[in-house]
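Undergrad: The sequence shown: position 30 = 30 (UniProt numbering), numbered continuously.
Cβ coordinates follow ideal geometry from the N, Cα and C atoms, glycine included.
I have a structure I would like to understand better, so I am pasting it below and will then ask my questions one at a time.
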Amino acid sequence: MSEIIIVTDAGYFEAYEVIEEIMESPRLEMIKKFANVDARTKFSEKVSDQAGRFGRDQGGGNVVKSYGEPHNLEQEIEKNVIKTIVEEINKIINKHKPKKWYLAAEKTINKRIVEQLDDNVRGSLAKNVKADLTKKGKKELLSYFK
């Protein structure tokens, strides 16, 4: 396999093989795609109650509302999403062993993805685009990398 293009944001992942045949324009063939449900679900849908919803009456009409312990649930979810993306990229690149591969990842997560890649996978990365290209068509994707 000669080249692979991977496009991702926090919630959606696509990997394509670049097919180049004699006398034809290059085309993309899907290798893998998935939607990450954790990243696409609103935070309010993941927790069952709102901060301060349950109060205690302190007498005299004063109600104390607790905000609970500060949890970093949103950061943990994002960390797990990035870990899933990195593991998937490592699997695809190690399995297919392309001569070159290209990555387009949303600007907010791009650096963290690249930092966590296996050394050999990161070493074969030919071009890294810090943009969300998940909604682009196949022909338009090729224009970013070819």
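Out of Lys95, Ile4, Gly11, Pro98, point me to the one whose CA is closest to Ile85's CA.
TA: Indexing the sequence shown from 1 puts residue 85 at position 85. That would be Gly11, whose Cα lies nearest to the Cα of Ile85.
Undergrad: State the start and end residues of the unbroken beta strand (DSSP E) segment that holds Asn128.
TA: On the sequence shown, position 128 is the one that residue 128 refers to. Segment 125-129, the beta strand (DSSP E) holding Asn128.
Undergrad: Quick check: the Cα distance between Val129 and Lys83, rounded to an integer number of angstroms?
TA: Taking the first residue of the sequence shown as position 1, residue 129 is located at position 129. Taking the first residue of the sequence shown as position 1, residue 83 is located at position 83. Taking the straight line from one Cα to the other gives about 19 Å.
Undergrad: So, with DSSP's three-state summary, where would you put Thr8?
TA: Here the question's residue 8 lines up with position 8 in the sequence shown. Three-state result, Thr8: strand.
Undergrad: With DSSP as the reference, identify every bridge partner of Tyr144, one or two as the case may be.
TA: Stepping through the sequence shown from its first residue, residue 144 is reached at position 144. None, per the DSSP bridge assignment.
Undergrad: Where does Glu24 fall in DSSP's three states?
TA: In the sequence shown, residue 24 corresponds to position 24, counting from 1. Coil.
Undergrad: Tell me which same chain residues have a C-beta within less than 6 Å of the C-beta of Glu20, skipping the five on either side of it?
TA: Your numbering for residue 20 matches position 20 in the sequence shown. For Glu20, where only same-chain residues beyond five positions count, the Cβ hits under 6 Å are Pro26.
Undergrad: List the DSSP bridge partners of Glu29.
TA: Residue numbering aside, residue 29 sits at position 29 when the sequence shown is read from its first letter. Partner(s): Glu17.
Undergrad: Give me, in chain order, the residues of the same chain whose beta-carbon lies closer than 7 Å to that of Lys135; leave out the 5 immediate sequence neighbours on both sides.
TA: Looking up residue 135 in the sequence shown gives position 135. Around Lys135: no qualifying Cβ.
Undergrad: Exposed or buried, Thr108, counting other C-beta atoms within 10 Å across all chains shown (16 or more means buried)?
TA: Translated into positions along the sequence shown, residue 108 becomes position 108. Result: exposed.
Undergrad: What is the DSSP secondary structure of Leu103, reduced to helix, strand or coil?
TA: Along the sequence shown, read from residue 1 onward, the residue named residue 103 stands at position 103. Residue state, collapsed to three classes: strand.
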